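Per the numbering used here, residue 16 is the first one in the sequence shown, and the count goes up by one each step. Working notes, beginning with the structure itself.
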Amino acid sequence: MGLTAERAAQITEKLAKQIRDRNVVLASWEDYFNGKHRLEFASTEWRKFHADRFQNFSDNWCGVVGRAAAERRELHGLRLGDDVEVQSPDERALWDVWESVDGPAKSAAGWLSTTYLSTSYSMVWADSDNRPTLSWESPFEVIVDYDPETAQPRYALKLWSDDDRDNATLYTADEVWKWSRPRSSLILPSAWNSLAGGWMLREGTQAPVIPNPLGMLPIVEHPNRPQLTRGPISDIAGVVPMQNAVNLMWAYLFGAADFAGLPARVITGQAPPEMPILDANGQQIGTQPVSEEILKQGRLLWLTGQNSKIAQFEASKLDVFTAVVNVAVKHVMAQTQTPIHYIMGELGNVNGETLTAIELPLATKVRAGNKALTRPVREIFRRFAVVLGDLALADQCRVAIAQWKNPETMSDAQVSDAASKDKTIGWPFAAILERRYNLSQPEIARIQAMSEMDPELSLARELANGSV
């Protein structure tokens, strides 16, 4: 049963508010990922003189952590059923759609946002020729509402601003509602308006309420490693406090280096200097001592006692700050399962096995994230099949196997050795190419065809079979 206009407006306003409230946190994560950090934890006294000097500096580890897992995540195949073909006609048709709608590039950008913003959304629709389209949506503008009892998605909303108006599109499994309202900081109570939140059916739209031709929500959420009690999480949420500490240590170091790098002066045996006090006509009417803060900023120390003495000023030891920074950065590495060479920028002469062990925590993290993203991937291809009009194929997509690229880094020697051992125990050539060489289904099919056309390989096979 369809919604009434009043109920649809209430749902739209509820979800729009959730987007607005969530965007406060998302904007902070977006800034930290891009290196726009506020200087935190500084004392009031230090901030008074130095905060403005370092407001545009940041040592951005949030960007490193936020990209680490996303750079290892790539979908390179979809398996339907249990057939032994490298790529069945149905799989080929769906994969061709994925390529034609620029799925690899859009998913890479979308899953990057998923990593540091905790979620992103994909939307499948049809163009004027009834061919599938795919867009990847930001959590700043899109949200999905879930039934609290079944945890199944029931509504989706896209909210955006255009000129002087707010626009929203509400999706249900049966309908699409298109809304608009004037942009204003004042939202009148629903009792003063015909519909909740001041929403009105969008003017200039031929059909502001239309049936949903998909029969399901076109928007799919891609959560980052969701938890039972917290939902999806951001990879950089826990990095932010340590990032603030690192930035503060660098600011302290620069401030200390500034003072240590310029000469300091000591004046003894004289009274502190005074400044004239002038009246409105510019005539001196008295004097006042120079502010102690001004003397400190000028690297001046004034000693007035008769027995005042001065020895020497030791140079500031700046390595104490970098030592703290190094410890803090290593904590970030350990807490976020980021390999040490991502953080420290260098790695000693290590063999392939050691490198694999160092990167294992990140690979494990990526695999855990892929498990949460497998269902959304199935739902994308399921919607492709619905747009293509093949409901049986759409039903197969519910249990499709998403083939993810191996997130581990292996040397050529390791790959060749593992492939040789696989062949020895009887693995088929296509399986070796898929598992060890991370090739996609089209690439495997192409290599097999090339192998069959190669005269030397054909002769080797005939010799192995005893036919020559």
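The C-beta atom is built at its ideal place from N, Cα and C for all residues, glycine as well. Small disclaimer: the values here were computed from a predicted structure and weren't measured.
Give the range of the beta strand (DSSP E) segment to which residue i is assigned.
{"i": "N182", "result": "180–186"}
{"i": "S135", "result": "134–141"}
{"i": "V80", "result": "Run containing V80: none in the beta strand (DSSP E); it sits in the alpha helix (DSSP H), 77–83."}
Using three-state DSSP, classify residue i as helix, strand or coil.
{"i": "A245", "result": "The sequence as given places Arg at residue 245; Ala does not occur at that position. If DSSP states are grouped into helix, strand and coil, R245 belongs with coil."}
{"i": "S205", "result": "Bear in mind that the predicted position of S205 carries a pLDDT of just 49, short of 50, making it unreliable; the figure below should be weighed with that in mind. S205: helix per DSSP, three-state reduction."}
{"i": "W214", "result": "coil"}
{"i": "I440", "result": "coil"}
{"i": "L454", "result": "coil"}
{"i": "W113", "result": "helix"}
{"i": "R196", "result": "strand"}
{"i": "A20", "result": "helix"}
{"i": "E449", "result": "helix"}
{"i": "E152", "result": "strand"}
{"i": "P391", "result": "helix"}
{"i": "P354", "result": "coil"}
{"i": "L54", "result": "coil"}
Would you grab the beta carbon distance between residue i and residue j for me? Rounded to a whole angstrom, and I think it's under 8 angstroms.
{"i": "A464", "j": "R451", "result": "That belief does not hold up - the Cβ atoms of A464 and R451 are roughly 20 angstroms apart, past 8 angstroms."}
{"i": "S455", "j": "G17", "result": "Actually they are not in contact, since the Cβ atoms of S455 and G17 sit about 42 angstroms apart, beyond 8 angstroms."}
{"i": "W214", "j": "E28", "result": "7 angstroms"}
{"i": "N227", "j": "T187", "result": "7 angstroms"}
{"i": "I158", "j": "Q33", "result": "6 angstroms"}
{"i": "S249", "j": "R217", "result": "So it is not a contact: roughly 33 angstroms between Cβ atoms."}
{"i": "E394", "j": "V235", "result": "5 angstroms"}
{"i": "W76", "j": "V344", "result": "6 angstroms"}
{"i": "V101", "j": "I459", "result": "5 angstroms"}
{"i": "F399", "j": "V112", "result": "5 angstroms"}
{"i": "S73", "j": "G50", "result": "5 angstroms"}
Using DSSP's beta-bridge definition, name the partner residues of residue i.
{"i": "E190", "result": "P226"}
{"i": "W175", "result": "N182"}
{"i": "E236", "result": "Y136"}
{"i": "W419", "result": "L90"}
{"i": "Y170", "result": "D160"}
{"i": "S73", "result": "Note: S73 sits in no beta bridge, so no partner."}
{"i": "E289", "result": "P304"}
{"i": "Q429", "result": "In the DSSP output, where bridge partners are listed per residue, Q429 has none listed."}
{"i": "Q299", "result": "L293"}
{"i": "P147", "result": "A141"}
By the DSSP assignment, the alpha helix (DSSP H) with residue i in it spans what residues?
{"i": "M231", "result": "It is not in any alpha helix (DSSP H) - M231 carries neither H nor E in the DSSP assignment."}
{"i": "R62", "result": "59–65"}
{"i": "D485", "result": "The requested residue 485 is not part of the displayed model; the chain covers only 16 to 483."}
{"i": "A407", "result": "406–412"}
For a test of your reading of the model: does the CB of residue i fall under 7 angstroms from any non-hydrogen atom of the ligand PLP? Yes or no.
{"i": "W175", "result": "This structure lacks the ligand PLP; in fact it carries no ligand of any kind."}
Does any residue of chain D bring its CB to less than 8 angstroms from the CB of residue i?
{"i": "P119", "result": "Protein chains in the displayed structure number just one, and chain D is not present."}
query: Should the segment 375–393 be regarded as contacting the segment 85–101, the criterion being three or more beta carbon pairs within less than 8 angstroms?
result: The segment 375–393 vs the segment 85–101: in contact.
query: Is there contact between the segment 165–183 and the segment 413–425, where contact requires at least three CB pairs shorter than 8 angstroms?
result: Flag = no, the segment 165–183 and the segment 413–425 do not touch.
query: So does the segment 123–137 actually touch the segment 238–248, counting three or more Cβ pairs closer than 8 angstroms?
result: A contact exists between the segment 123–137 and the segment 238–248.
- prompt: Counting Cβ pairs, one atom from each stretch, are 3 or more of them under 8 angstroms apart for the segment 397–417 and the segment 431–448?
  reply: The segment 397–417 makes no contact with the segment 431–448, as fewer than three CB pairs between them are under 8 angstroms.
- prompt: Does the segment 256–276 touch the segment 331–349, meaning 3 or more C-beta pairs lie closer than 8 angstroms?
  reply: Counting Cβ pairs under 8 angstroms, three or more are found: they touch.
- request: Specify whether the segment 114–126 and the segment 400–411 touch according to this definition: at least 3 beta carbon pairs, one from each stretch, less than 8 angstroms apart.
  value: Touching, no.
message: Could you check whether the segment 139–154 touches the segment 99–108, counting it as contact only if at least three pairs of C-beta atoms, one from each stretch, sit closer than 8 angstroms?
response: The segment 139–154, when compared against the segment 99–108, does not touch it at the 8 angstroms Cβ threshold.
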